[in-house]
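Engineer: Quick one: the structure is below, questions incoming.
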Amino acid sequence: MLSCNSRSKKELQTTDDVKTEDTNKISSNDIEALAFDDYILSNASKTKIMDWQKLHELNTQVEFLKKGDLSFFSANDSIVKSFVFQLKEETPENVDTDIIKSRVTALETKILKLNNTIELTNIPKEEVLMNIKEVLVAMSNLNFQINKKFELDANNIEKPL
């Protein structure tokens, strides 16, 4: 027997699943709506840490993240952990200070948290966006501290004894 609405329950459920996937998908507009102070490396800082390839690579990945591309941060956790380990190990001597180390450690924590959150399928979109914001803020804070360090070094301010 046929009726006006002859769609099966299975078809309706599939349609609902697609709608749920679409509402949980992170877009560049979602990320642009996040409010935070975004600091980038100054030209002087870029020059002084030119050899720190992992940081430059991470800055590139963060730019992709801002456009809604989560592929790097959703990679296998061993790949992400290995990348962060290399980032820490390759820190140049001119920025190997306690302040910079603490910012890198904070960034590591936020990256691993985002990676774990993305791997889970039942996490609400709002929580994923909050974790993305935490990574963006941590990256911005690291860039700010690097800029600040080289700015203070350039001013050659002597500390009182």
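The opening position of the sequence shown corresponds to residue 12 in our numbering, with each subsequent residue numbered one higher.
From the three backbone atoms N, C-alpha and C, an ideal C-beta is built for every residue, glycine too.
Am I right that Leu147 and Val91 are in contact with their C-beta atoms under 8 Å? What's the rounded C-beta distance?
Structural biologist: Here residue 147 refers to the residue found at position 136 of the sequence shown. Here residue 91 refers to the residue found at position 80 of the sequence shown. Leu147 to Val91, Cβ: 16 Å. No contact.
Engineer: Tell me whether Leu131 is buried or exposed, calling it buried when 16 or more other Cβ atoms sit within 10 Å of its Cβ.
Structural biologist: Locating residue 131 in the sequence shown gives position 120, where the first residue counts as 1. A residue is called buried when at least 16 other Cβ atoms come within 10 angstroms of its Cβ; Leu131 does not meet this threshold and is exposed.
Engineer: Write down every uninterrupted run of the alpha helix (DSSP H) in the stretch 40 to 110 whose length is 4 residues or greater and which is fully enclosed by it, in chain order.
Structural biologist: 54 to 59, 64 to 77, 88 to 100
Engineer: Please state the DSSP three-state secondary structure of Ser38.
Structural biologist: Within the sequence shown, the letter at position 27 stands for residue 38. DSSP places Ser38 in coil when its eight states are reduced to three.
Engineer: Using a Cβ-Cβ cut-off of 6 Å (strictly less than) and excluding sequence neighbours within five positions of Asn152, which residues of its own chain qualify?
Structural biologist: To locate residue 152, count along the sequence shown from 1; it is residue 141. Result list for Asn152: Arg114, in chain order.
Engineer: Is the distance from the Cβ of Lys121 to the Cβ of Ala149 below 9 Å?
Structural biologist: Stepping through the sequence shown from its first residue, residue 121 is reached at position 110. Stepping through the sequence shown from its first residue, residue 149 is reached at position 138. In contact: Lys121 and Ala149 (Cβ atoms closer than 9 Å).
Engineer: Flag this pair as touching only if the stretch 81 to 99 and the stretch 45 to 62 have three or more C-beta atom pairs under 8 Å; answer yes or no.
Structural biologist: no
Engineer: Can you give me the Cβ contacts of Asn40 inside the same chain, cut-off strictly under 6 Å, excluding the 5 residues immediately before and after it?
Structural biologist: In the sequence shown, residue 40 corresponds to position 29, counting from 1. Nothing meets the Cβ criterion.
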